[in-house]
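Visitor:
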Amino acid sequence: MVCPFKTLKLSLKKNLDIDGHLCYFRLGIKEDKPTPMRNKRVAINGCGRIGRLTLKLLLEKEGIDLIAINDLTDPETLAHLIQYDSIHGKYPFPITVQEGNLKAKGQTIKIFAEKDPEKIPWGDLDIDIVLESTGRFTERELAEAHIKAGAKKVIITAPSKDKEVPTVVLGVNDEILKEEHDIISNASCTTNCLAPMLKIMEEHFGIEKGFMSTVHSYTNDQNLHDAPHRDLRRARAAAYSIIPTTTNAAKAMELVLPHLKGKIEASAMRVPVPDGSLTDLILLLKKETSTEEVNAIFKNESQTSLKGIVEYIEAPIVSIDIIGNPHSCIFDAGLTSAKGNLVKIVGWYDNEAGYSNRLVDLIQKIT
Numbered sequence: 001m002v003c004p005f006k007t008l009k010l011s012l013k014k015n016l017d018i019d020g021h022l023c024y025f026r027l028g029i030k031e032d033k034p035t036p037m038r039n040k041r042v043a044i045n046g047c048g049r050i051g052r053l054t055l056k057l058l059l060e061k062e063g064i065d066l067i068a069i070n071d072l073t074d075p076e077t078l079a080h081l082i083q084y085d086s087i088h089g090k091y092p093f094p095i096t097v098q099e100g101n102l103k104a105k106g107q108t109i110k111i112f113a114e115k116d117p118e119k120i121p122w123g124d125l126d127i128d129i130v131l132e133s134t135g136r137f138t139e140r141e142l143a144e145a146h147i148k149a150g151a152k153k154v155i156i157t158a159p160s161k162d163k164e165v166p167t168v169v170l171g172v173n174d175e176i177l178k179e180e181h182d183i184i185s186n187a188s189c190t191t192n193c194l195a196p197m198l199k200i201m202e203e204h205f206g207i208e209k210g211f212m213s214t215v216h217s218y219t220n221d222q223n224l225h226d227a228p229h230r231d232l233r234r235a236r237a238a239a240y241s242i243i244p245t246t247t248n249a250a251k252a253m254e255l256v257l258p259h260l261k262g263k264i265e266a267s268a269m270r271v272p273v274p275d276g277s278l279t280d281l282i283l284l285l286k287k288e289t290s291t292e293e294v295n296a297i298f299k300n301e302s303q304t305s306l307k308g309i310v311e312y313i314e315a316p317i318v319s320i321d322i323i324g325n326p327h328s329c330i331f332d333a334g335l336t337s338a339k340g341n342l343v344k345i346v347g348w349y350d351n352e353a354g355y356s357n358r359l360v361d362l363i364q365k366i367t
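All residue numbers for the sequence shown refer to the UniProt record's numbering, where the first residue is 1 and numbers rise by one.
This is how it looks when you write it as structure tokens:
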């Protein structure tokens, strides 16, 4: 006697449609079509470098509708800065202003200019997620204004000092995300590069202690010419000097990898390039290793668990070569050096494009 379940299984295999989906009609089984999910409705508060770059990435993503922007810049200037970018080039589709709103790729994006986020009508617009990109509302009490205005969730595009705000680095600790988290931080661009490197080394060798230095492009927090600044080194002209300064990457890293708390120190050098940075990491490990072993591990991780987050390269590149690269960390195998349990590794990152791509990924991931 032929088993009916075996017959059914064979019949199913023989009845595949052109898309690879099962055709149930010959078997007399009704196919239940899933209810299509509603697109996520997203708004951006603050259209600076990260806000504008993320905006353009969102316009290319299916399943996400960019509904509104809140920025104090006038719409015409905003449209021009989105269309033309000195680093990443001209956006290939027209960005125009019609009746005070942006028009891009057939979409209408509402523009607001409110200083107080609580006054923005996120609720009326049924906003699911607000990208808080001003750099001003990084604590829960401040970012919560978006929730009070009707938004369901907020992603802070900067580190948060507030312990009540979960800090998430995709590929490293995104398993902590819960549906009830209404405000989260995407950490910093440097932390998004550093944390995957530390995770790999900790999992394979164990870390005793280490020191990280980021060689970072200048940003709009610095001055074109000498001018007052709370950091006297950053008061100097950004394009004329290597500027030693501080970074919060180590503190943010401790929120992402708490078991490494107190083990990593960090510093920064701002250099005269407009984009493209690197993380120089020196670690004292619990096990001895070799250059070849470290590189082999990073190559494997870049192709498996951290694919899309870490890229492995062997070519002798320079900073301009990684402009526009969407990865959080571009591991430079040629710069790896190991002596016993002392190891030096380097990861490049586009501090704008890499970070903005993770924001889009995070929007897609959270529920």
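Cβ coordinates follow ideal geometry from the N, Cα and C atoms, glycine included.
1) Runs of 4 residues minimum, wholly inside the stretch 97-172: which ones carry the alpha helix (DSSP H) assignment?
2) Would you decide whether residue 38 is buried or exposed? Buried here means 16 or more other CB atoms lie within 10 Å of its CB.
3) Excluding the five sequence neighbours on either side, which residues of its own chain have a C-beta within less than 6 Å of the C-beta of residue 21, listed in chain order?
4) Does the Cβ-Cβ distance between residue 105 and residue 93 come in under 7 Å?
5) Tell me whether residue 17 sits in a helix, a strand or coil according to DSSP, three-state version.
6) Provide the residue span of the alpha helix (DSSP H) that contains residue 279, from first to last.
7) Take the Cβ of residue 31 as the centre, count every other Cβ of all protein chains shown within 10 Å, and call the residue buried at 16 or more, exposed below.
8) Whole angstroms are fine: how far does the CA of residue 130 sit from the CA of residue 365?
9) In chain order, what residues of the same chain have a beta carbon less than 6 Å from the beta carbon of residue 267, not counting five sequence neighbours either side?
10) Classify residue 327: buried if its beta carbon has 16 or more other beta carbons within 10 angstroms, exposed otherwise.
11) Beta carbon of residue 116: closer than 6 Å to some heavy atom of the ligand GTP?
12) Which residues does DSSP pair with residue 312 in a beta bridge?
13) Can you tell me which of the three DSSP states residue 243 falls into?
14) By a C-beta neighbour count over all protein chains shown, 10 Å radius and 16 as the cutoff for buried, is residue 29 buried or exposed?
15) Assuming residue 352 contacts residue 285 (C-beta within less than 8 Å), just tell me the rounded distance between them.
16) For residue 358, which residues of its own chain have a beta-carbon under 7 Å away from its beta-carbon, when the five flanking residues on both sides are left out?
17) Taking only the alpha-carbon atoms, compute the straight-line gap between residue 287 and residue 257 and give it to the nearest angstrom.
Guide: Taking the geometry as given:
1) 140-148
2) Residue 38 is exposed by the Cβ-count criterion.
3) Its pLDDT being 36, under 50, residue 21 is placed unreliably by the model, and nothing is read from it.
4) yes
5) Residue confidence for residue 17 is low, a pLDDT of 36 falling below 50, so the modelled location carries little weight; the figure read from the coordinates is stated next. It is coil, neither helix nor strand.
6) In the DSSP assignment, residue 279 falls outside any alpha helix (DSSP H) and lies within the beta strand (DSSP E) extending over 277-285.
7) With a pLDDT of 48 at residue 31, under the threshold of 50, the modelled position of that residue is not reliable, and no figure is offered here.
8) 14 Å
9) 213
10) Residue 327 is buried by the Cβ-count criterion.
11) Ligands displayed in this structure: none; no statement on the ligand GTP is therefore possible.
12) 331
13) Looking at residue 243 - three-state DSSP - the assignment turns out to be strand.
14) Confidence is the limiting factor: at residue 29 the pLDDT is only 37, short of 50, which leaves the residue's position unreliable, though a coordinate-based value still follows. Classification for residue 29: exposed.
15) Actually they are not in contact, since the Cβ atoms of residue 352 and residue 285 sit about 32 Å apart, beyond 8 Å.
16) 170, 186, 192 and 328
17) Taking the straight line from one Cα to the other gives about 20 Å.
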